[in-house]
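S.K.: Top to bottom, those sequences are chains A and B.
Count along the first sequence from 1, then add 24; that gives the number in this note's numbering.
Count along the second sequence from 1, then add 6; that gives the number in this note's numbering.
Where is the CB? At the ideal position from N, CA and C, for every residue including glycine.
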Amino acid sequence: VIPTSFEYLRATSLRDALRVLALGDGTKVLAGGHSLLPVMKFRLAQPPRLLDVAGLAELRGIEEHRKGARIGATTTYRELLESDLLRERFPIIAECTEHIGDLQVRNRGTIGGSIAHADPASDMPSVMLALDATFNVRSKRGRRAIKAREFFRGPFATDLAEDELLLDVVLPALPRGAGTAYLSQEQAASGYALAGAAAVVARTRKTVSHAVVALTGVGEVARLVASTDQLVGTKAEPEVLARAAAASTDGIEVQGDIHAPADYRRHLAQVIVRRALETALSRAA
Amino acid sequence: MPTLFGSAIKRREDPRLITGAATYVDDVKLPGLAYAAMLRSPYAHAKITRMDVTEARKAPGVVAVFTGADLKDKVAPVPCAWNVPNCDLKVPPHPLLAHDTVRYVGDGVALVVAESRAAARDAIDLIDVDYDALPAGVDPEKMAQPGAPQLHAEVPNNVAFTWVVAGGDAEQAFTDAEVTVKQRIVQQRLLPTAMEPRAAVASYNRGAGQLTLWATSQNPHIHRFLCSVMLQIPEHRIRVIAPEVGGGFGSKIPAYPDEALVCWAAMQLGRPVKWTEDRSENYKTTIHGRDHVEHVELAGTKDGRITGIRTKVYAGLGAYASTAAPGIPTILHGLVYSGPYQIPNILGTIYGVYTSGTPVDAYRGAGRPEAAFLIERLVDIYARKIGMDPVEVRRKNFIAKNQFPYTVATGLVYDSGDYEPALDRALTILDYPAFRRQQAEERKKGRFLGVGVISYIEICGLGPSQVAGAVGFGGGLYDSAVVRVYPTGVVRVYIGASPHGQGEETTFAQIVAEEFGYPIENVEIVHGDTETTPQGWGTYGSRSTAVCGSAVKVAAQRVKEKAKRIASHLLEANEQDIEWRDDAFRVRGSPDQKKTFAEVALMANVAWNMPAGVEPGLEASAFFDPTNFVYPFGSHACTVEVDVETGEVKILRYIAVDDCGPHINPMIVEGQIHGGIIQGLGEGLQEIAIYDDDGQLITGTMMDYAVPRATQMPHLELDHTVTPSPVNPLGVKGCGEAGTIASAACLVNAVCDALAPLGIVHIDKPVTPARVWAAIQAASSPGNGAGHPGIQPGATPDDAAQVPGAVGAGKENPQ
């Protein structure tokens with residue numbers, strides 16, 4: 025429960041923060057601390073220095089952005105839940121966030137922390153994938169915009185370089201009349217997803233024009249499901265949904281553990297994909 | 007004044023607890039305090055071939071490093087204090103620090119004392135130890151087989167004891183039975199998870215030769231004795247203080263190496279030393295619960311009369327025999343195989359087995375939940391086999407109201423009971439027939455609803471002491487109280503019990519305030535300090551109210567008798583003419599002539615005008631030793647829906663009707679029942695300690711060990727009946743463990759009922775989604791389920807049946 029000794033720096037400007045990260049000596053960025061501090065207390069991570077960015081005003085907040093939204097990286101789960109803009113335009117964010125941790129965790133945990141940590145079973149990465157988010161990152165070297173689908177590389181591994189800081193998340197507007205759903209079965213102890221699915225679907229007249237599902241908790245990293253392409257152009261009949269759901273884990277190396285052996289998890293993922301699609305369709309115009 | 011006994015007043019201990027004003031062990035700060043950390047074995051079984059502490063001794067802030075070699079021959083091993091007779095019990099020594107062999111992950115290897123907690127922790131990493139790994143194993147059944155890894159040279163096949171309980175003629179009953187059913191049941195290892203982990207602060211006064219230990223203890227007097235044994239210093243030189251204790255559930259009963267080591271270090275160093283577990287350490291080193299592999303059978307008639315129970319149980323003890331461990335799967339388990347039923351023939355064979363896991367000891371219910379679970383599962387399986395409603399099977403076999411006191415086949419004498427009203431009440435609240443109709447309707451729509459109804463008894467209120475002696479318990483089971491009335495009339499009650507969440511500062515004060523006609527504010531309960539409280543045996547086994555509460559009542563009555571004598575003297579009336587009415591001693595016939603208790607208290611303490619031959623002062627002590635255990639009982643009902651696609655179990659309703667005799671404080675009883683039920687539902691639904699094959703605890707943190715959260719648990723619907731016990735002056739029974747004893751069985755019965763149409767007979771707890779799904783898969787494709795742990799497929803109910811007499815050593819069907 026006691027970490028190894030480390031240096032603690034609290035960033036007072038973005039410029040200073042980027043300068044510290046440019047040192048490239050294993051400094052870890054601290055936001056809400058809910059993922060990083062426990063692994064430090066177990067001494068599984070022993071960073072020489074923490075850079076606390078929670079106080080940087082420019083990294084925080086939710087605003088309208090080209091009919092979509094821009095969310096600062098250190099915006100807390102609680103702020104996500106309290107945002108009328110997000111509830112109106114991206115209700116899936118609240119649906120996912122209200123099940124994350126408990127009240128205390130939601131008061132401190134941040135969207136950027138969850139994304140940058142890239143836990144293979146955390147909820148938020150799948151929602152980012154389904155919403156086709158773009159992450160703006162910055163270093164002393166310059167700025168970059170990374171699409172969510174290129175960002176998550178593996179368990180706890182992302183495209184973020186050591187000197188880069190995640191600034192914000194940009195969500196493009198959803199297709200007109202889209203319905204969304206986030207569904208997960210939680211591991212009873214941790215609350216992380218044994219399998220979780222974020223679905224976004226839209227119909228033009230009665231034909232599916234957009235169908236995206238991202239899975240988390242199933243493989244080594246959250247990822248988009250390829251098989252939902254089969255839905256586009258159909259009327260989403262039950263057998264079509266069932267087929268797409270059954271194929272949703274194709275190509276995923278499904279992980280097994282004491283809570284969910286791989287055969288169970290594969291099956292569970294397929295059920296959750298189908299149910300998330302059904303719910304999203306029921307909400308679509 | 008309203009009657010206090012029976013009143014749901016708020017808990018008096020709560021304001022300080024919920025405002026952070028309470029003092030727990032870790033809050034104790036002393037001048038010169040040093041901090042201890044323990045190096046623990048990363049191996050489940052290994053030889054220590056080399057240990058080098060040089061670097062650690064040189065590290066900044068380090069005061070001392072102690073190893074097993076430093077302690078050898080200077081301290082005694084951790085004692086086992088329940089020497090169950092007639093079972094050839096073998097207790098290999100459990101050294102405070104391992105000297106040459108480690109036997110579980112978490113076994114202590116070295117102790118570092120430093121100027122700060124962080125420095126102690128850092129120095130742990132500087133100790134260099136070489137281990138030669140040895141074979142290990144954690145499955146109690148496998149570890150008892152020939153060829154299993156041998157853990158202690160003096161314990162062949164790792165079998166610590168073989169204990170047999172027999173009543174009637176079970177072999178004959180099974181030979182003659184019209185129907186038998188058989189089931190293999192695994193009652194998984196559990197982690198007690200008290201909110202406060204263990205902690206100890208020791209301070210040694212060299213001049214006085216006096217050691218003071220602040221410890222997370224459920225029984226400071228027992229810990230005083232056990233520390234005296236381990237440290238080899240006289241008992242009267244040790245003071246044990248249990249300040250605020252944040253839950254125990256049995257895990258703070260035993261003696262552990264750590265507390266004694268902290269004492270030893272404080273004595274060596276001449277300065278106080280503190281040690282506080284973190285949660286990972288707690289999960290590795292504080293005792294675990296349950297861990298049974300059971301082969302159980304029931305014999306009965308075709309029309310629902312149970313004629314026999316037969317069991318063979320492998321009870322895992324972990325690496326060493328913890329303080330009370332041998333008594334848990336034997337005395338507290340095998341003796342209660344009758345449950346609430348008339349079962350004439352019982353045979354239980356219990357093997358206590360050493361394994362490479364953390365020691366197993368008492369965990370809420372301790373042996374009795376395991377018994378209730380196996381009986382209640384068997385009754386349901388039997389009922390299904392004979393095509394009878396499981397509720398009717400229970401009713402048919404109940405011990406009847408007019409049979410009490412009732413002697414069961416194992417020899418226990420049940421004090422009192424009236425089982426049918428509690429069952430009826432539970433069924434009425436549920437509306438059982440309506441649920442059965444709804445269940446049938448929903449099944450047509452593809453939904454799987456189920457109901458579990460169970461009836462249980464508990465054996466608690468532990469004493470009497472004579473029985474404790476007869477069953478090898480290394481202590482008494484009476485309890486004690488001193489009631490001391492101050493000159494101003496306020497009262498302090500010093501008790502031998504050591505409450506740590508049960509609310510006895512409130513309920514015991516209610517007993518005394520009621521007796522004296524006082525506002526409760528005038529009465530304070532003092533506990534948890536061996537220096538101020540009389541010899542007592544602690545708080546566990548749902549015993550404190552029945553035993554210590556009775557001592558409080560008797561001591562208060564003694565005080566009142568003396569007060570009455572003094573009052574009669576002051577009122578110049580015959581004692582026979584004094585009556586206690588409207589909160590005062592009054593002269594019969596002249597009620598205006600009166601003395602309140604406070605008035606008498608003052609006169610007794612100043613002693614200006616005492617009756618001839620009466621000593622000054624107003625206090626009394628009592629040691630209460632009950633004549634029998636008490637046997638609370640009840641019936642619970644639970645309804646569930648199983649999502650057969652995902653295996654998820656949703657609890658729809660949970661109804662509990664319990665009878666623990668009269669309630670001193672109904673709100674506190676309700677709280678105890680709530681906590682107990684939730685703990686049992688956690689056991690039924692999601693809690694399991696899992697080791698890998700090498701003896702590493704996989705569920706070593708709360709990220710993997712699923713303690714139930716409020717949001718995961720159902721609303722509880724409670725009711726009760728009241729059947730007083732004749733064995734104590736309060737008529738009370740116990741309520742701390744009842745919920746846990748009942749609820750795991752109730753839940754699993756409901757789940758198995760829901761899945762009965764699929765041919766599923768039994769699923770081992772916890773009924774996690776993965777296990778339920780696997781059971782469904784196995785049931786729908788016979789032969790597939792064998793590889794899944796905890797799954798008992800059964801294509802038809804007949805698969806659960808067994809040819810009579812087929813079970814015996816060496817020819818067991820590993821169903």
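#1: Name the chain A residues that come within less than 7 Å of R127(B), Cβ to Cβ?
#2: If distances are taken between C-alpha atoms only, which option among T494(B), G481(B), V419(B) and V497(B) comes closest to N89(B)?
#3: Report yes or no: is there a C-beta of chain A within less than 8 Å of the C-beta of P775(B)?
#4: Identify which residue in K568(B), K600(B) and A150(B) has its Cα closest to the Cα of R587(B).
#5: Determine whether the Cβ of D421(B) lies closer than 8 Å to any Cβ atom of chain A.
#6: Since P597(B) is in the beta strand (DSSP E), which residue starts that stretch and which ends it?
#7: Give me, in chain order, the residues of the same chain whose beta-carbon lies closer than 6 Å to that of N288(B); leave out the 5 immediate sequence neighbours on both sides.
#8: Would you kindly check if the distance between the Cβ of T99(A) and the Cβ of G85(A) is under 8 Å?
#9: Closer than 8 Å between beta carbons: that is the criterion. Which residues of the segment 391 to 418 of chain B meet it against chain A?
#10: Are G56(A) and P72(A) touching if we call contact CB-CB under 8 Å?
#11: Which chain B residues sit within Cβ distance under 7 Å of S150(A)?
#12: T539(B) CB to nearest chain A CB: under 8 Å?
#13: Determine whether the Cβ of R453(B) lies closer than 8 Å to any Cβ atom of chain A.
#14: By Cβ distance, which residues of its chain are closer than 7 Å to H100(B), with the 5 residues on each side in sequence left out?
#15: Taking 8 Å as the cut-off, decide whether the C-beta atoms of V224(A) and L207(A) are in contact.
#16: Just the Cα atoms here: how many angstroms apart are E61(B) and V71(B)?
#17: What are the residues that DSSP puts in a beta bridge with K656(B)?
#18: Which chain A residues sit within Cβ distance under 8 Å of A120(B)?
#19: Between which residues of its own chain and G96(A) is the CB-CB distance below 6 Å, once the five residues before and five after are set aside?
#20: Leaving out five residues on either side along the sequence, give the residues of the same chain with a beta carbon under 6 Å from the beta carbon of Y32(A).
#21: Any beta carbon from chain B within less than 8 Å of Q279(A)'s own beta carbon?
#22: Let me see if you follow: with CB-CB separation under 8 Å, is G796(B) close to chain A or not?
#23: May I ask you to verify whether the segment 264 to 271 of chain B touches the segment 293 to 304 of chain B, counting CB pairs closer than 8 Å and requiring at least 3?
#24: Check the C-beta distance from P5(B) over to G742(B) and give it rounded, since I have them as a contact under 8 Å.
#25: Starting from Y288(A), find everything on chain B with Cβ-Cβ shorter than 7 Å and list it in chain order.
#26: Under a CB-based cut-off of 8 Å, is D710(B) close to chain A?
#27: Please classify K16(B): is it buried, with 16 or more other beta-carbons within 10 angstroms of its beta-carbon, or exposed?
#28: Please name the residue in A744(B), Q685(B), Y369(B) and A208(B) whose C-alpha comes closest to that of D32(B).
#29: Mapping DSSP to helix, strand and coil, what is G800(B)?
#30: So that I know if they touch, is there some Cβ in chain B lying closer than 8 Å to that of P179(A)?
#31: Looking at V558(B) and F514(B), is the spacing between their C-beta atoms short of 8 Å?
#32: Does the beta carbon of K656(B) come closer than 8 Å to any beta carbon on chain A?
#33: Is it buried or exposed, T36(A), if we count other Cβ atoms within 10 angstroms and call 16 or more buried?
#34: For M148(A), does the count of other Cβ atoms within 10 angstroms reach 16, so buried, or fall short, so exposed?
#35: Are the segment 389 to 405 of chain B and the segment 332 to 341 of chain B touching, with three or more C-beta to C-beta distances below 8 Å?
#36: So, helix, strand or coil for W270(B), using DSSP?
M.R.: Concretely, from the data shown:
#1: I26
#2: G481(B)
#3: yes
#4: Among K568(B), K600(B) and A150(B), the Cα nearest to that of R587(B) belongs to K600(B).
#5: no
#6: S596 to K601
#7: P203
#8: Yes. Within cutoff.
#9: So nothing in the stretch comes that close.
#10: Their beta carbons are not under 8 Å apart, which means G56(A) does not touch P72(A) by this criterion.
#11: Under the 7 Å cutoff, chain B gives no residues; its nearest Cβ is about 18 Å from S150(A).
#12: no
#13: no
#14: Cβ neighbours of H100(B) beyond the five flanking positions: P83, V84 and Y326.
#15: no
#16: In a straight line, the C-alpha of E61(B) is about 10 Å away from that of V71(B).
#17: Beta-bridge analysis with DSSP links K656(B) to E647(B).
#18: What A120(B) touches in chain A: nothing, since even the nearest Cβ is about 11 Å away.
#19: The residues are L83, R84, G85 and D192.
#20: L74
#21: no
#22: Low local confidence applies: a pLDDT of 42 at G796(B) is under 50, so the model's placement there is unreliable, with the coordinate-based value given in what follows. For G796(B), the answer is no, since every Cβ of chain A falls outside 8 Å of its Cβ.
#23: The way I'd put it, the segment 264 to 271 of chain B doesn't touch the segment 293 to 304 of chain B; fewer than three beta-carbon pairs between them come closer than 8 Å.
#24: In the structure displayed, chain B extends from 7 to 821; residue 5(B) sits before or after that span and is not available.
#25: A776, W779 and A780
#26: yes
#27: exposed
#28: A208(B)
#29: With a pLDDT of 38 at G800(B), under the threshold of 50, the modelled position of that residue is not reliable, and the figure given next carries that caveat. Coil at G800(B), not helix or strand.
#30: no
#31: yes
#32: No, K656(B) lies away from the interface with chain A (no Cβ there is under 8 Å from its Cβ).
#33: exposed
#34: buried
#35: no
#36: When secondary structure is reduced to three states using DSSP, W270(B) falls in the helix class.
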